[in-house]
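Participant:
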Amino acid sequence: MADPHIELTHQPIDYQALTERVRSPQAGAVLLFLGTVREFTSGRQTLRLEYEAYPPMALSKMRELAEQAAQRWPLTEVAIVHRLGLLDLGEISVAIAVSTPHRDQGFEAGRWLIDTLKEVVPVWKQENWSDGTQEWVHPGTSDTATSPPALGP
Amino acid sequence: MADPHIELTHQPIDYQALTERVRSPQAGAVLLFLGTVREFTSGRQTLRLEYEAYPPMALSKMRELAEQAAQRWPLTEVAIVHRLGLLDLGEISVAIAVSTPHRDQGFEAGRWLIDTLKEVVPVWKQENWSDGTQEWVHPGTSDTATSPPALGP
Amino acid sequence: MKVPGDMKVSVQLFARARDLVGTSPVEVELPQNANVGSLRRALAAQFPALAPLGPHLLVAVGQDYARDQQPLSPDQEIACFPPVSGG
Amino acid sequence: MKVPGDMKVSVQLFARARDLVGTSPVEVELPQNANVGSLRRALAAQFPALAPLGPHLLVAVGQDYARDQQPLSPDQEIACFPPVSGG
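As they're listed, the protein sequences go chains E, C, D and B.
Going by our numbering, the letters in the first sequence line up with residues 66 to 218, in that order.
Going by our numbering, the letters in the second sequence line up with residues 66 to 218, in that order.
Going by our numbering, the letters in the third sequence line up with residues 67 to 153, in that order.
Going by our numbering, the letters in the fourth sequence line up with residues 67 to 153, in that order.
In structure tokens, the structure reads:
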């Protein structure tokens with residue numbers, strides 16, 4: 066495996082460029098996973114998501130994940146990009162591309178990479194709900210609404 | 066789910082256009098699988114692969130797979146394209162794109178779609194090995210080399 | 067011996083099956099009330115070159131996989147091919 | 067009471083932890099031989115606003131997750147944040 070491509074960006078993610086990076090005649094399969102901003106979560110409507118990172122540690126953890134995945138599966142290439150800042154509905158927050166000799170390896174590595182990224186990479190999202198509230202998403206903590214809607218008297 | 070996009074093509078697969086077709090604010094995940102022409106299989110070197118289909122049945126089966134997947138998982142959108150004709154090393158033979166509310170659904174549906182496509186969609190590939198032989202790939206049948214190399218006396 | 071009521075069907079061949087026979091489609095004569103199993107036997111008798119694929123050949127009728135018990139009629143779209151290998 | 071050998075560390079806060087405290091980084095005074103556990107207690111005492119996150123806060127030292135037993139020195143890069151939610 067060549068050096069993994071690891072990136073944090075405030076620009077829209079060019080997933081085609083990312084996919085081209087991992088394509089190889091040594092690979093029979095390419096797996097691309099995109100996380101996108103979904104409008105509805107448990108019936109609540111999202112207007113936007115804002116992503117924040119602890120950048121040096123996030124990059125270091127993303128690289129560590131790529132290297133761990135390359136030890137578990139025979140990855141031909143791997144690339145991981147996370148978007149930061151304000152994202153509109155449908156925009157791409159994260160892109161993971163892996164190429165592997167066989168498809169089972171690609172599906173397993175891609176699944177492990179996104180699952181583990183969500184557990185260990187220091188990036189946080191804040192919901193901007195359609196009712197005007199903002200809420201950090203911090204799994205395992207209690208209700209974290211920080212800006213309740215201003216209600217009239 | 067809107068009507069699935071199903072296609073057989075002799076042109077290079079535009080997987081970005083395919084991915085854009087399935088992206089949606091209703092989806093939190095997009096899974097793109099690409100099958101690509103790998104150079105080495107069990108130590109033997111491929112020069113090219115040639116894909117042939119029984120087109121109307123292949124399209125009908127691909128559509129059936131998309132509809133079955135949409136019954137098993139809550140797919141937001143799905144698109145399947147298979148390339149036909151002569152493909153060089155690294156080229157994309159098949160592309161499957163699905164969008165789903167959550168990522169586990171996308172990984173499961175994507176995996177099922179490519180596994181089942183390879184079992185039931187009437188498309189066949191012929192290896193063009195670097196030793197000059199051509200060989201249809203027909204899983205379960207015995208050695209199917211059809212053009213042994215011309216050896217000198 | 068041609069019996070009244072016999073039928074002639076056209077069978078599309080693909081991949082190695084077509085290469086072994088050398089052409090596609092091929093015409094096959096079948097007895098009245100033939101089914102997919104009769105078609106398999108008739109193909110094997112008429113095209114001995116198919117022998118290497120014999121037990122592996124798949125038959126599709128009306129663009130869907132068909133079992134040996136499925137009856138045939140002359141107006142159906144029939145195809146015969148080896149195990150698929152797309153993807 | 068300031069004891070000789072006490073140290074001051076700078077702690078970067080992120081996401082809801084920073085919002086609750088209102089700023090980042092923050093300076094925290096720690097006893098000599100302090101470890102990550104001492105840092106947690108000092109942060110909780112100095113910033114009561116962090117209470118809702120208390121048991122959930124994660125500490126990173128040198129850009130890697132640290133357990134409470136890990137010793138601290140003033141020259142290390144230290145960060146404190148709630149459970150991650152990227153992806």
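Just so you know, even glycine gets a beta-carbon here, dropped at the ideal spot from N, CA and C.
Thinking C-beta only, is Ala123 of chain C closer than 9 Å to Leu73 of chain C?
Facilitator: As a working mapping, residue 73 of chain C is identified with position 8 in the second sequence. As a working mapping, residue 123 of chain C is identified with position 58 in the second sequence. Against a cut-off of 9 Å, the Cβ pair of Ala123 of chain C and Leu73 of chain C comes out as a contact.
Participant: What does DSSP give as the partner residues of Tyr116 of chain E in its beta bridges?
Facilitator: Working through the first sequence from its first residue, we reach residue 116 of chain E at position 51. Answer by DSSP bridge pairing, in chain order: E:Gly150 and E:Lys190.
Participant: Which residues, taken in chain order from the stretch 80-113 of chain C, show a beta carbon closer than 8 Å to some beta carbon of chain E?
Facilitator: Tyr80, Gln81, Thr84, Arg88, Ser89, Pro90, Gln91, Ala92, Gly93, Ala94, Val95, Leu96, Leu97, Phe98, Leu99, Gly100, Thr101, Val102, Arg103, Glu104 and Phe105
Participant: State the DSSP-derived secondary structure class of Trp138 of chain E, mapped to helix, strand or coil.
Facilitator: For the purposes of this step, residue 138 of chain E is taken as residue 73 along the first sequence, with counting starting at 1. Residue state, collapsed to three classes: coil.
Participant: Does any C-beta atom of chain B lie closer than 9 Å to the C-beta of Gly155 of chain E?
Facilitator: For the purposes of this step, residue 155 of chain E is taken as residue 90 along the first sequence, with counting starting at 1. Output row for Gly155 of chain E: interface = no.
Participant: Taking just the CA atoms, how far does Pro118 of chain B sit from Ser207 of chain E?
Facilitator: For the purposes of this step, residue 207 of chain E is taken as residue 142 along the first sequence, with counting starting at 1. For the purposes of this step, residue 118 of chain B is taken as residue 52 along the fourth sequence, with counting starting at 1. Those two C-alpha atoms are separated by around 8 Å.
Participant: Which of the three DSSP states, helix, strand or coil, is assigned to Gln110 of chain E?
Facilitator: Residue 110 of chain E sits at position 45 when you count from the first residue of the first sequence. The answer is strand: DSSP assigns Gln110 of chain E an E or B state.
Participant: By Cβ distance, which residues of its chain are closer than 6 Å to Gln191 of chain C, with the 5 residues on each side in sequence left out?
Facilitator: As a working mapping, residue 191 of chain C is identified with position 126 in the second sequence. Glu115, Gln199 and Trp201.
Participant: Alpha carbon to alpha carbon, how far is Pro97 of chain D from Pro137 of chain D? Give it in angstroms, no decimals.
Facilitator: For this step, residue 137 of chain D is matched to residue 71 along the third sequence. For this step, residue 97 of chain D is matched to residue 31 along the third sequence. Their Cα atoms are separated by approximately 11 Å.
Participant: Round the Cβ separation of Leu97 of chain E and Ala174 of chain E to the nearest angstrom and send it over; I've been treating them as touching at under 8 Å.
Facilitator: Along the first sequence, one-based indexing puts residue 97 of chain E at 32. Along the first sequence, one-based indexing puts residue 174 of chain E at 109. Wrong, their Cβ atoms sit about 12 Å apart, outside the cutoff.
Participant: Output, in sequence order along the chain, the residues in the stretch 146-170 of chain C whose CB is closer than 7 Å to any CB in chain E.
Facilitator: Leu154, Gly155, Pro166 and Arg168
Participant: Give the DSSP bridge partners of Glu93 of chain D, in chain order.
Facilitator: The sequence position of residue 93 of chain D within the third sequence is 27, counting from 1. Glu93 of chain D pairs with D:Ser76.
Participant: In this structure, does DSSP put Asp205 of chain B in helix, strand or coil?
Facilitator: A question about residue 205 of chain B goes unanswered here, because the residues of chain B that appear run from 67 up to 153.
Participant: Determine the chain E residues that contact Ser139 of chain B at a beta-carbon separation under 9 Å, and present them in chain order.
Facilitator: Residue numbering aside, residue 139 of chain B sits at position 73 when the fourth sequence is read from its first letter. Going along chain E, no residue has its Cβ under 9 Å from Ser139 of chain B, so there is no contact; the nearest lies around 18 Å.
Participant: Relative to chain B, which residues along the stretch 192-208 of chain E have a C-beta separation below 8 Å, given in chain order?
Facilitator: Trp201, Val202, His203, Pro204, Gly205, Thr206 and Ser207
Participant: Could you tell me the boundaries of the beta strand (DSSP E) in which Ala110 of chain B lies?
Facilitator: Translated into positions along the fourth sequence, residue 110 of chain B becomes position 44. Looking at the DSSP string, Ala110 of chain B is not in any beta strand (DSSP E); the run it does join, the alpha helix (DSSP H), is Val102 to Gln112.
Participant: At what residues does the beta strand (DSSP E) containing Gly100 of chain C begin and finish?
Facilitator: Here residue 100 of chain C corresponds to residue number 35 of the second sequence, with the count starting at 1. Run containing Gly100 of chain C: Ala94 to Thr101, per the beta strand (DSSP E) assignment.
Participant: Is Ser76 of chain B close to chain E? Criterion is C-beta to C-beta, closer than 9 Å.
Facilitator: Against the fourth sequence, residue 76 of chain B aligns to sequence position 10. No, Ser76 of chain B does not count as interfacial toward chain E.
Participant: Helix or strand or just coil, what does DSSP make of Thr198 of chain C?
Facilitator: By 1-based counting over the second sequence, the position of residue 198 of chain C is 133. Three-state DSSP puts Thr198 of chain C in coil, outside helix and strand.
Participant: Leu123 of chain D by DSSP, collapsed to three states: which one?
Facilitator: Indexing the third sequence from 1 puts residue 123 of chain D at position 57. Reduced to three states, the DSSP call for Leu123 of chain D is coil.
Participant: Closer than 9 Å between beta carbons: that is the criterion. Which residues of the stretch 93-113 of chain D meet it against chain C?
Facilitator: none
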